[in-house]
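> This is the structure I want to talk about, given as structure tokens.
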Amino acid sequence: MEHNGENLEKIRQSIRQEKNAVRPQLEAAGFRARLKSRLALESMPRLPRQTPGLRAFFKSRPLAAGLLALGTALWFLVLAPSLRRPAGTLEEHILRVLHQSSLAEQAVAEPVLSPGALNTPFPDRVPDQEIPLILYKALKKLKPASAFPDIEEEPDAPAGNSHDSELKEKNRFFYEILKHIKEV
Amino acid sequence: MKPMKDPVAAAPDQGRDGLLDELLNHRDSVLWLCLGYARDPVQAEELAQEAYFKALKSVGSLKDHRAAKVWLCRIAKHTCLDYLKRERIGREAVMDCSPRTIEDRSPETLVLEREQQQLIKKSIRRLPRNLRDVFIMREYAELTYEEIARVSGRRIGTVMSRLNRARRALAGLVREEEHGT
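These protein sequence lines are chains A and B, in that order.
Per our numbering, the very first residue in the first sequence carries number 518; after that it's consecutive.
Per our numbering, the very first residue in the second sequence carries number 556; after that it's consecutive.
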């Protein structure tokens, strides 16, 4: 108890010393002048502050920024492709179409089978020039494999109607398919 | 953005300098209170300025001008607590109690005094908040028990008991610090 009393007196003395040492530094006139100049500064008309940009907004809210980045990444990686892509692979899609409408036989009779002839739109992201190749692979699954030539052989496109010649030229794989379907 | 109204000029029935002078009568109490919380005298003055500025901005909330001291000390206390929260100096600050003035004492004495002051400040910061606030208001700002009770919104009996506990706890903490435990 006596020890505590001594310590307490030491503490009080130390506080007194601290205050005495600081007192001249914090003289009243200077304090008042500084306060008045601060008040004057604050009461001056100021230019409107610039609206903080997105960067400043997210800098002050790192959690929001993180969530937004995560959401965007999720959208591009998972949600967006799944919305655009039909269920299953492209080949499965074509096979399904061919089975359902028996268009394989109709296609044999037609010199040119355009995507429209299937009555079912191909997925948007398939370029036109890829359609014959995809169809070839699809048909190969329906017919015996031996009935189809090696795709690497690239046979010449047969002559056909004049207005279709350009397309025939372009889709020579497709004509090969049709020829072999006829034979089978 | 609309320019801010000059709070002093906006005060009712008070001349600008009159109100400022009236509030500045309590400058020492505010300053010493801030010194109790701050890490050095410069910081203490900044906190006191901040407290005065806040007080002048909300001068309309001062109903009774006779209670200006208590009102100012309450604002100063909250300003200091905000500062502690912001800086977290309670845990990691390096104390600098060195006054930058010309001293007539020997350098050895000054060094010893400063070491002692640092040790005591460190111990004050280790006190529980309710004890620390009462201790600073009493020993630094030299407020009366009644004023402390009004600033902290407690009864005088509570203030006295907390002050007693604070002194005993602080004496123990200082002893601990001295023995390096």
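Yeah, the Cβ is synthetic: ideal placement off N, Cα and C, and Gly gets one too.
Work out the CA separation of R549/A and Q672/B for me, nearest whole Å.
Distance between the alpha carbons of Q672/B and R549/A: 28 Å.
> Taking all protein chains shown into account, do 16 or more other C-beta atoms lie within 10 angstroms of the C-beta of K618/B, making it buried, or fewer, making it exposed?
With a 10 Å radius around the Cβ and a threshold of 16 neighbouring Cβ atoms, K618/B comes out exposed.
> If you draw a straight line from the C-alpha of L674/B to the C-alpha of Q604/B, how long is it?
26 Å
> For E733/B, which three-state DSSP category applies?
E733/B: helix per DSSP, three-state reduction.
> Could you tell me whether the Cβ of L543/A comes closer than 7 Å to any Cβ of chain B?
L543/A counts as touching chain B.
> Helix, strand or coil, according to DSSP, for K618/B in the structure here?
coil
> Less than 7 Å between the beta carbons of A593/B and A631/B, yes or no?
no
> With three or more C-beta pairs closer than 8 Å as the rule, is the segment 686 to 696 of chain B touching the segment 718 to 731 of chain B?
Three or more Cβ pairs closer than 8 Å define a contact, and the segment 718 to 731 of chain B meets that threshold against the segment 686 to 696 of chain B.
> Whole-angstrom Cβ separation of A623/B and E577/B, contact assumed at under 8 Å?
With a Cβ gap of about 7 Å, A623/B and E577/B count as contacting.
> Take I528/A as the anchor and find which of K676/B, K612/B and V614/B has the nearest alpha-carbon.
K676/B
> For the segment 602 to 613 of chain B, which residues have a CB atom closer than 9 Å to at least one CB atom of chain A, in sequence order?
A603, Q604, Y607, F608, L611 and K612
> Relative to chain A, which residues along the segment 669 to 699 of chain B have a C-beta separation below 7 Å, given in chain order?
Q671, Q672, I675, E694 and Y695
> Compare the C-beta of R720/B against all C-beta atoms of chain A and say whether one is closer than 7 Å.
no
> For V729/B, collect the residues of the same chain with a Cβ closer than 8 Å to its Cβ; drop the 5 residues on either side in sequence, then sort them by chain order.
L674, I675 and S678
> What number of angstroms, rounded off, separates the C-alpha of S716/B from the C-alpha of Y700/B?
11 Å
> Should T664/B go down as buried or exposed, given a rule of 16 or more other Cβ atoms within 10 Å for buried?
exposed
> Name the chain A residues that come within less than 9 Å of A726/B, Cβ to Cβ?
By Cβ distance, chain A contributes H520, N521, G522, E523, N524, L525, K527 and I528.
> Measuring straight from C-alpha to C-alpha, what distance separates R578/A and R551/A?
35 Å
> Counting C-beta neighbours from all protein chains within 10 Å, is the total for G591/B 16 or more, i.e. buried, or is it exposed?
buried
> If you follow the alpha helix (DSSP H) that H633/B is in, where does it begin and where does it stop?
Boundaries of the alpha helix (DSSP H) around H633/B: A623 to E642.
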